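A short worksheet on the structure shown next.
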Amino acid sequence: MSNKFTIPPVSFPSSGPSPATPATTTPGPTGRNPPGMLHQRQVPTAPFQPPRPSSIPFMSFDIGSAAASSSSTSFPPPQLRQDIASSSGGLFSDEIPLLEELEINPSLIWRKTRSLLNPFRVDSYLHSDPDLSGPFLYYIAFGLFQLLAGKVQFGVILGWIAISSIFVYSMLNFLAGKNGNLDLYRCFSVVGYCLMPIVIYSAASLFLPPAGTTVGFIVAAVFVIWSTRVCSRLLAVDELGASEHRGLIAYPCFLIYCLFSMLVMF
């Protein structure tokens, strides 16, 4: 007669059955489960998967304290804000105006233009300080009036002004010799400002009869003589100190402004 040995079941410790994997019991040799003995079937997990946390940590904070701290750190106190505003205002107040930085003086340009409106009383003292902002304004206005007449002549105007100023500068320096004090920059300024009557003629030609008529030639001659008189007055008397040679100086000025009037007429 053989002896029977009872083998106790093997159990693995676990925290409890998972809701997804129900616990199963392993029956003993007698066919019944021993009391308190449970066996959990382990379900294999997929490889390369991070472990899932058992619980999500929760962080609590006080909204009122956070808003107070952010408001206190984002904005400086009123006294500091006033100091910053006063210092920035002082920095901007020290900056020079943009027109002055570009050496553009609108009031001086207007005074020079007004002095040329009367060809018999030209204020030469205003033109002792040369500038090119006024002449370039006249060049652009001349080109725009010609554009309204159907002529694109911006490059022609600038080219003729450059050649005419260099020609007058060379001729007057040869004529004056050592007594002359005319420089090229002032010559560009004077010739450009004296182009103002031709600019007026270019604007008036849009409403005048055609240039081929007798009235058109008379009107053009009036504006050419106006420009010649003021230009020769500024160049001869005030710059060269040679009023006796004013007629000789007026001749090239007359030729120059005749060329510009021909741009308007034809």
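Going by the working numbering, 97 is the number at position 111 of the sequence shown; the sequence numbering is gapless. The C-beta atom is built at its ideal place from N, Cα and C for all residues, glycine as well. The structure displayed is predicted, hence computed values, not measured ones.
Would SER213 and TYR237 qualify as a contact pair, given that the criterion is a beta-carbon distance under 7 Å?
Taking the sequence shown and counting its residues from 1, the one referred to as residue 213 is at position 227. Taking the sequence shown and counting its residues from 1, the one referred to as residue 237 is at position 251. Contact: no.
Buried or exposed for ARG215, please, with buried defined as at least 16 other CB atoms from any protein chain shown within 10 angstroms of its CB.
To locate residue 215, count along the sequence shown from 1; it is residue 229. ARG215 should be labelled buried.
Check whether the Cβ atoms of SER119 and ILE90 lie closer than 7 Å to each other.
Here residue 119 refers to the residue found at position 133 of the sequence shown. Here residue 90 refers to the residue found at position 104 of the sequence shown. Contact: yes.
Report, in whole angstroms, the separation of the C-beta atoms of LYS186 and PHE209, which I expect to be a contact under 8 Å.
Indexing the sequence shown from 1 puts residue 186 at position 200. Indexing the sequence shown from 1 puts residue 209 at position 223. Going by the sequence as given, residue 186 is Ile instead of Lys. Confirmed, about 7 Å.
Grab me the residues of SER151's own chain with a C-beta within less than 6 Å of its C-beta, minus the 5 sequence neighbours each way, in chain order.
Position 165 of the sequence shown, counted from the start, is the residue given in the question as residue 151. If we look at SER151 and ignore the five residues flanking it on each side, its Cβ neighbours are CYS173, PHE174, VAL177.
Please report the straight-line C-alpha distance between VAL205 and GLU81, rounded to a whole angstrom.
To locate residue 205, count along the sequence shown from 1; it is residue 219. To locate residue 81, count along the sequence shown from 1; it is residue 95. Rounded to whole angstroms, VAL205 to GLU81 spans 48 Å at the Cα level.
Alpha carbons only, please: which of VAL154, ILE126, PHE106, LYS137 is nearest the one belonging to LEU192?
Looking up residue 192 in the sequence shown gives position 206. Taking only the C-alpha atoms, the option nearest LEU192 is LYS137.
From MET248 to LEU221, what distance separates their C-alpha atoms?
Within the sequence shown, numbered from 1, the residue matching residue 248 stands at position 262. Within the sequence shown, numbered from 1, the residue matching residue 221 stands at position 235. Going from the Cα of MET248 to the Cα of LEU221 covers about 23 Å.
Answer with buried or exposed for PHE47, where buried requires no fewer than 16 other C-beta atoms within 10 angstroms of its C-beta.
In the sequence shown, the residue the question calls residue 47 occupies position 61. Residue placement at PHE47 cannot be trusted, given a pLDDT of 48 that sits under 50; what the coordinates show is reported in the next sentence. Exposed.
Report the three-state DSSP secondary structure of PRO195 (helix, strand or coil).
For the purposes of this step, residue 195 is taken as residue 209 along the sequence shown, with counting starting at 1. Looking at PRO195 - three-state DSSP - the assignment turns out to be coil, as it is neither helix nor strand.
So which of SER93, HIS113, TRP96 has the shortest CA-CA distance to CYS217?
Here residue 217 is taken as the residue at index 231 of the sequence shown, counted from 1. Of the listed residues, the one whose Cα sits closest to CYS217 is HIS113.
Between which two residues does the alpha helix (DSSP H) holding ILE143 run?
Taking the first residue of the sequence shown as 1, we reach residue 143 at position 157. First-last of the alpha helix (DSSP H) with ILE143: 140 to 162.
DSSP three-state call for SER218: helix, strand or coil?
What you label residue 218 is simply residue 232 of the sequence shown in a count that begins at 1. Three-state result, SER218: helix.
Look at the alpha carbon of PRO93 and the alpha carbon of ASN159, and state the distance between them as a whole number of angstroms.
What you label residue 93 is simply residue 107 of the sequence shown in a count that begins at 1. What you label residue 159 is simply residue 173 of the sequence shown in a count that begins at 1. A quick correction: the sequence has Ser, not Pro, at residue 93. Taking the straight line joining both Cα atoms gives about 31 Å.
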